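See below for the structure under consideration.
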Amino acid sequence: MNQLQDLRHPVSEFVFTEKNQVVTDSLTMAQMFGKEHKNVIRDIEVQLEKLIEANETEWGQLNFEPTQYQHYQNKQWYPKFNLTEDAFAIVAMSYITPEAMKMKIKFLQEFKRMKEHIQKVQQQPKSVEDAIIYSMTELKQIKSRQDHTEEEMNKMKLLVDNELWLTEQHKGAVQRKVKQRVFELKKEGYDNASYQGIYGALKRHFGVAKYDKIPRKFYQNAMRFIAGWYPPERPSALDDYVS
2 MNQLQDLRHP VSEFVFTEKN QVVTDSLTMA QMFGKEHKNV IRDIEVQLEK LIEANETEWG
62 QLNFEPTQYQ HYQNKQWYPK FNLTEDAFAI VAMSYITPEA MKMKIKFLQE FKRMKEHIQK
122 VQQQPKSVED AIIYSMTELK QIKSRQDHTE EEMNKMKLLV DNELWLTEQH KGAVQRKVKQ
182 RVFELKKEGY DNASYQGIYG ALKRHFGVAK YDKIPRKFYQ NAMRFIAGWY PPERPSALDD
242 YVS
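Here the sequence shown stands for residues 2 to 244, where the numbers follow this note's numbering.
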């Protein structure tokens, strides 16, 4: 394989080179994130509309390239987008499940790897001395990438554990638990038990403005808090208003 072929076709499931630029495309994103291609196209178009509203149309044109692909079965042509690393980051920002977080890291690592690959091809050693220096530099870079990857994974785990909020499934479970608790308390004779009372206590306990902003790692704590909640003995109108 000659240098030109190696530059254009390094093996990667995530990114490729197009017009001397490292990019991915909407088809690859759909496959890797487990989404329908039409939904990824929609996500991209939403971001392009926001860029227009922000007077960043030119940036959008430079980083999102509308193009086409030919379906391998019916041979018809369909629209797709090529995305730079920055464009990918903007679109993928809304994909926040733990699985999506891991996939985003893989994409970003591949963008970086491909760029480094291009630089290496352009800087191939031309003598024995250069080859030795090149090999030593390569080993150092491999070690550095390993350290960086471990650091990024630790950061991502911390983000998932501490900063991501309750999922839609969690929120539904919390709502059902609140309804169940109010029903139980009413049966026990607590006429002042209310949804507002539980949600207000829940927000105060976890220090959040809305119950769905409780960090995901505290989900089980929140469920136990609801199960053990009792209304105050003498609720005031002001308390009900604040909650």
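All C-beta atoms in this analysis are idealised placements derived from N, C-alpha and C, irrespective of residue type, glycine included. Only a predicted model underlies this, so the values are computations on that prediction, with no experimental measurement involved.
On the criterion of 16 or more Cβ atoms from any shown chain inside 10 Å, does Met115 qualify as buried, or is it exposed? buried
Determine, using beta carbons only, whether Val175 and Ala228 come nearer to each other than 9 angstroms. no
Quick check: what's the CA-CA separation for Asn83 versus Arg217? 34 angstroms
Between the C-alpha atoms of Asp44 and Asn64, what's the straight-line distance to the nearest angstrom? 15 angstroms
Determine contact between the stretch 55-64 and the stretch 84-103, defined as no fewer than three beta-carbon pairs at a distance below 8 angstroms. yes
Skipping 5 residues on each side, what residues in its chain have a beta carbon closer than 6 angstroms to that of Leu203? Tyr212
What are the boundary residues of the beta strand (DSSP E) that Lys218 is part of? Element bounds for Lys218: n/a, residue is neither H nor E.
Nearest neighbour of Val209, chosen from Tyr196, Gln221, Glu46, Trp166 [CA to CA]: Trp166
Among the candidates Phe17, His38, Glu19, whose CA atom is the shortest distance from the CA of Ser27? His38
Coil, strand or helix - Trp230 by DSSP: coil
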